[in-house]
Amino acid sequence: MGDLDVMPQAKAQGVRIACPARGPQVGLKEGLVARSLEARQFAYCPYSSFRVGAALLTPDGSVFTGCNVENSCHNLGVCAERNAISKAVSEGYRSFKAIAIASDLQDQFISPCGGCRQFMREFGTDWEVYMSKPDGSYLEMRVRDLLPLSFGPEDLKMKKETPKEF
Ligand SMILES: [Zn+2]
Numbered sequence: 001m002g003d004l005d006v007m008p009q010a011k012a013q014g015v016r017i018a019c020p021a022r023g024p025q026v027g028l029k030e031g032l033v034a035r036s037l038e039a040r041q042f043a044y045c046p047y048s049s050f051r052v053g054a055a056l057l058t059p060d061g062s063v064f065t066g067c068n069v070e071n072s073c074h075n076l077g078v079c080a081e082r083n084a085i086s087k088a089v090s091e092g093y094r095s096f097k098a099i100a101i102a103s104d105l106q107d108q109f110i111s112p113c114g115g116c117r118q119f120m121r122e123f124g125t126d127w128e129v130y131m132s133k134p135d136g137s138y139l140e141m142r143v144r145d146l147l148p149l150s151f152g153p154e155d156l157k158m159k160k161e162t163p164k165e166f
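In UniProt numbering, the protein residues as written are 1 to 166.
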C-alpha cells in the first residue's frame, strides 16, 4: 500500500489506484496501459533518455499510440500524449474516452506535463487519464481533476466586454 502514501494530495482529488495483479481480470484499462507501455519502445529521446509512451482510446474503440519525439533544437520536442492525440485528430476524432501514459520510472506514476494537460482539455474535461508504472499499475484521474479551473474552447464563446478601441 506504499503507493497510497506517495500521493496523499492526489487521493483527495478523486484519484483511483489500480494494480492489475490484484484485480480479478485484465480489462480495457489495463489493456490500454499495456499499449502505452509498448509505445515507449519507439520513443526518440537521445537528449533526455526519458522514454514516454501513450495510448489513446476513442469512443468507437480505436486506439492511437504515441511516443515522445525530441529534437536537437530542444524546444521542438513533442510529448507522447500530444503525439497520440494529434494522430487521432488528424484521422477525424474529436472526443476521447481515455489516455494511458507510460514511462520507465519504477517508483512513481508518470504524470503528464502542463502542456499536455491543456492539450487534453481542448477535447473535453470528462475523460480518463491512466498514469502508469512499468509494472502495469496505474493512477486514474479525469482531465478536469488534472487541470482544475481550466480554460477551453467554450470560454472563447462567453460574454465579453466590448473594447472601446481596437
Ligand atoms: Zn507533455
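Where is the CB? At the ideal position from N, CA and C, for every residue including glycine.
None of these values were measured; they are calculated from a predicted model.
Counting along the chain, no beta strand (DSSP E) covers cysteine 45, and no H or E run does either.
Taken through DSSP and simplified to helix, strand or coil, glutamate 38 comes out as helix. Of the residues Ser48, Cys73 and Lys87, the one whose Cα lies closest to the Cα of alanine 54 is Lys87. Leucine 105 is a Cβ neighbour of proline 134, given a cutoff of 9 Å. Not one heavy atom of ligand 1 is found less than 8 Å from the C-beta of glycine 31. For the pair cysteine 45 and valine 69, the Cα-to-Cα distance works out to about 6 Å. Two segments are said to touch when three or more pairs of C-beta atoms, one from each, lie closer than 8 Å; by this definition the stretch 129-147 touches the stretch 96-105. Among the bridge pairs identified by DSSP, alanine 55 is matched with Thr65 and Ala100. Leaving aside the five residues that flank proline 148 on each side, none in its chain has a CB nearer than 7 Å to its CB. With contacts defined by Cβ atoms closer than 9 Å, tyrosine 138 and alanine 18 form a contacting pair. A residue is called buried when at least 16 other Cβ atoms come within 10 angstroms of its Cβ; asparagine 75 does not meet this threshold and is exposed. Shortest gap from the CB of arginine 144 to any heavy atom of ligand 1: 8 Å or more.
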